[in-house]
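Before any comments, here is the structure.
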Amino acid sequence: MDKQWQQILAAFILGLILPGLTARLGRGAADSMPQLQIQPPETSEQATVPEGTESCQIPVLRMDGEVISMELDTYVVGVVLAEMPASFAPEALKAQAVVARTYAMKRVTEGIRHPQGAVCTDPGCCQAYISPEDYRKDRGTLADVLKITAAVEATAGQVLTYHGELAEATYFSCSGGKTEDAVAVWGTDIPYLQAVDSPGEEQALPYSKTVSFTPSEFACALGRELSGHPKDWLGVVTYTEGGGVATMVVAGVSYTGVRLRQLLRLNSTAFTMSVSDGSILITTMGKGHRVGMSQYGADAMAVTGSTCQEILAHYYPGTKIDKIGAIG
Ligand SMILES: [Zn+2]
């Protein structure tokens, strides 16, 4: 298409879509998040969703420690922007939107993790979040924001449930070929968080990674003084259903795979260790806790024709998609 026509067409499309978007984001008070409607935190009753409605305000704990009240899907747009590349296929983005909405509602209605029953914006705790305005400053374009907003709108009000209750919709970057049982990572068996195959991730950057430790670096990371040849340190390994390390004996001490991942700062618990030229080589598969939906796996499914519903049914077997308002 001729460039001039492309510009005219783009202007026309933006003219159709943008008014709705800006109306939704609002033009609130001019503080650190000027485009969002920031209101003072209110009572936890705000987290209760009136039956039959699809929209509500939720308390969001920002990184600066302030709890703000935010419209649910305004928040979900910011989570999907922060948590999944906009280049991913639309059905994967829709699955991410449902999962992000479910995860947030679970945290808020449980009211356990943070004061005032909030969900926080720390990716190491709850979910990452970035406002569309900050996203456009250095991460992406308006077209990216519109694509993700469309995915959120297409799934408005949809959450994942199990036996009528909000599911624990955990997700992560890349499985390395297979996801993990919840019980293997957190010690709690959850029927719909079981290891499943996750094919098609081979091209993802975090699919496989090898890191090298000198013997002293390795000992230091474990907080121990080790002597002898590193080959003699690597002992018996047991594995989880999802191909992760359940336990491994290192220099006479048994560690869980989860603990070794923490100590050695590994991408995942699905790792192998070997010794080469006196160094310890550790190859990890995937990235993250590997429980629930693999984001790269979801994209691989979407690219090969799977729908949002099929992606969610694959990674959370036994769950179903419900409307928020239908949950008791
Ligand atoms: Zn949190």
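Counted the way the working numbering counts, the sequence shown spans residues 5 to 332.
Yeah, the Cβ is synthetic: ideal placement off N, Cα and C, and Gly gets one too.
Query                                                                                                                                                                             : Result
For the segment 59-138, which segments carrying the alpha helix (DSSP H) assignment without a break, of at least 4 residues, lie completely within its bounds, in sequence order? : 76-87, 94-114
With distances taken Cα to Cα, identify the nearest neighbour of residue 3 among 237, 203, 321.                                                                                   : Only positions 5 to 332 of the chain appear in this structure, which leaves residue 3 out of reach.
Given residue 199, which residues of its chain have a CB within under 7 Å of its CB, disregarding the five upstream and five downstream residues?                                 : 182, 183, 184, 185, 245, 246
Under three-state DSSP, which class holds residue 220?                                                                                                                            : helix
Drop a sphere of 10 angstroms on the beta-carbon of residue 233, count the other beta-carbons inside from all chains shown, and report buried for 16 or more, exposed for fewer.  : exposed
Could you please give the first and the last residue of the uninterrupted alpha helix (DSSP H) stretch that includes residue 300?                                                 : 299-307
With contact counted as at least three CB pairs below 8 Å, one residue from each stretch, are the segment 273-284 and the segment 148-158 in contact?                             : no
Where do the N-terminal and C-terminal ends of the beta strand (DSSP E) with residue 197 fall, by residue?                                                                        : First-last for residue 197: undefined, no H or E at that position.
Roughly how many angstroms lie between the CA atoms of residue 146 and residue 212, to the nearest whole one?                                                                     : 32 Å
Does DSSP classify residue 31 as helix, strand or coil?                                                                                                                           : Note that residue 31 scores a pLDDT of 21, beneath 50, so its modelled location is shaky; the value from the coordinates is reported in the next line. It is coil, neither helix nor strand.
Do residue 68 and ligand 1 come close, with the Cβ less than 7 Å from some heavy atom?                                                                                            : no
Checking the sheet assignment: what are the DSSP bridge partners for residue 213?                                                                                                 : 288
DSSP three-state call for residue 254: helix, strand or coil?                                                                                                                     : strand
Please tell me whether residue 112 and residue 122 are closer than 8 Å, where the distance is taken between their beta carbons.                                                   : yes
CB-CB under 6 Å to residue 134, same chain, minus the five flanking residues each way: which ones, in chain order?                                                                : 82, 85, 86
Is any heavy atom of ligand 1 found at a distance shorter than 7 Å from the C-beta of residue 318?                                                                                : no
Mind checking whether residue 202 and residue 177 have CB atoms under 8 Å apart?                                                                                                  : no
Would DSSP call residue 319 helix, strand or coil?                                                                                                                                : helix
Taking Cβ to Cβ, would you say residue 322 is nearer than 8 Å to residue 195?                                                                                                     : yes
Let's see if you can read the secondary structure: which residues bound the alpha helix (DSSP H) around residue 151?                                                              : 146-158
Rank 309, 313, 79 by C-alpha distance to the C-alpha of residue 204 and give the top, closest one.                                                                                : 309
Just how far apart, CA to CA, sit residue 60 and residue 304?                                                                                                                     : 32 Å
Which residues share a DSSP beta bridge with residue 326?                                                                                                                         : 163
Quick one: does the C-beta of residue 265 sit closer than 7 Å to a heavy atom of ligand 1?                                                                                        : no
Can you tell me whether residue 105 sits near ligand 1, meaning its C-beta is under 7 Å from at least one heavy atom of the ligand?                                               : no
What's the gap between the Cα of residue 235 and the Cα of residue 210?                                                                                                           : 27 Å
Determine the extent of the beta strand (DSSP E) in which residue 239 is found, giving its start and end residues.                                                                : 238-243
Have a look at the DSSP bridge pairing and note the partners of residue 170.                                                                                                      : 165
Can you tell me the Cβ-Cβ gap for residue 90 and residue 144, rounded? I've got them flagged as a contact below 8 Å.                                                              : 6 Å
Starting from residue 279, trace the beta strand (DSSP E) in both directions and tell me its first and last residue.                                                              : 275-280
Here's a check: name, in chain order, each residue in its chain whose Cβ is nearer than 7 Å to the Cβ of residue 330, leaving out the five neighbours to either side.             : none
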